[in-house]
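Trainee: So the sequence shown is residues 6 to 278, counted in this note's numbering.
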Amino acid sequence: MTTHASTARAEPSQPVHIGDHLREWRQRRRMSQLDLAGDAEISARHLSFVETGRSAPSREMVLRLAERLDVPLRERNVLLVAAGYAPAFPQRSLEDPALKSARQAIDLVLRAHEPNPALAYDRHWNLVTANRMVAPLLAGIPERLLGQPFNVLRLAFHPEGLAPRTVNLAQWCAHLLERLHRQCEATADPELIKLYHDLKSYPIPARSGPLSSDNVAIPFKLRHDGGILSFFSTTMVFGTPVDITLSELALETFFPADERTAEWLRQTAANVA
């Protein structure tokens, strides 16, 4: 995969005031001042004054512009602070009593998905929790790679992790890199950008050809117990979060792509405590 310009360039200097932040996000979203002003129902002249520091936006204006620009909640707090206001979005631990119902929902989804594997990870792809069907797929991987929290993507690319077991390694890792690149574009998170470059340094072969027309989704094919397990996955996020932790949490659920895999999952579930 060719390195994209936005993830290849050196980390830019930090914006100085709210106008710099807004301009950077607007340009990242490839919007003109006129486009953003129209979406936010303000004049382009007023937006120009805000970006150049000639006008100070209200708290409501900052939040409205951030919403139109689809700025992540974590970065909306940065915009508010830059404009002289208090952060609006809390960041709690999943163990916080305020997130009890959300944690229960996560646990319910993971358990209900058995006998199929499912896991939850944070904004940097670090494992948060998983159901009991994930561990059997990781059997034999060195413990030092599974320290908590381990990074799901690094494990997929690591030569002592899942990479040697992945039948369609080039195809699967290219898919993961594309997903990660989209996250980098959407969030401008420096840790994600670093992770992207780190993963590209692993010795992953280039894709040899297009996906077979027989497939409905890019499969994850894993050598296991002398055979091949095949999965496809879906990703879920919370629909209307106002907490940073929830907004950055993703649940990945895997489904069997063939009957052999489905049968292996059923048998394994019956034997896993």
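Glycine residues also receive a C-beta, built at the ideal position from the N, C-alpha and C atoms.
Work out the CA separation of Leu-124 and Leu-115 for me, nearest whole Å.
Mentor: In the sequence shown, the residue the question calls residue 115 occupies position 110. In the sequence shown, the residue the question calls residue 124 occupies position 119. Approximately 7 Å between the Cα atoms of the pair.
Trainee: Tell me which same chain residues have a C-beta within less than 6 Å of the C-beta of Trp-130, skipping the five on either side of it?
Mentor: Mapped onto the sequence shown, residue 130 falls at position 125. Correct list, in chain order: Asn-156, Val-157 and Leu-158.
Trainee: Which of helix, strand or coil does DSSP assign to Glu-100?
Mentor: As a working note, residue 100 is residue 95 in the sequence shown. Note: Glu-100 maps to coil in three-state DSSP.
Trainee: Under the DSSP definition of a beta bridge, which residues are partnered with Leu-27?
Mentor: Working through the sequence shown from its first residue, we reach residue 27 at position 22. Beta-bridge pairing links Leu-27 to no other residue.
Trainee: By DSSP, does Pro-261 sit in helix, in strand, or in coil?
Mentor: Taking the sequence shown and counting its residues from 1, the one referred to as residue 261 is at position 256. Of the three classes helix, strand and coil, the one that applies to Pro-261 here is strand, per DSSP.
Trainee: Here's the rule I'm using: 16 or more other beta-carbon atoms within 10 Å means buried, otherwise exposed. How should Arg-81 be labelled?
Mentor: To locate residue 81, count along the sequence shown from 1; it is residue 76. It is buried - the Cβ of Arg-81 has at least 16 other Cβ atoms within 10 Å.
Trainee: Assuming contact is defined by CB atoms lying nearer than 9 Å, are Ile-209 and Val-172 in contact in what I supplied?
Mentor: Position 204 of the sequence shown, counted from the first residue, corresponds to residue 209. Position 167 of the sequence shown, counted from the first residue, corresponds to residue 172. In this structure, Val-172 does not lie closer than 9 Å to Ile-209 by Cβ.
Trainee: Going by the CB atoms, is the gap between Thr-239 and Thr-266 shorter than 9 Å?
Mentor: Mapped onto the sequence shown, residue 266 falls at position 261. Mapped onto the sequence shown, residue 239 falls at position 234. In this structure, Thr-239 does not lie closer than 9 Å to Thr-266 by Cβ.
Trainee: Can we say the segment 183-192 touches the segment 140-147, given the rule of at least three CB pairs closer than 8 Å?
Mentor: Not touching, per the Cβ criterion.
Trainee: So what's Tyr-126 in DSSP terms, helix, strand or just coil?
Mentor: To locate residue 126, count along the sequence shown from 1; it is residue 121. The answer is strand: DSSP assigns Tyr-126 an E or B state.
Trainee: DSSP state of Thr-266, grouped into three classes?
Mentor: Against the sequence shown, residue 266 aligns to sequence position 261. In this structure, Thr-266 counts as helix in the three-state DSSP scheme.
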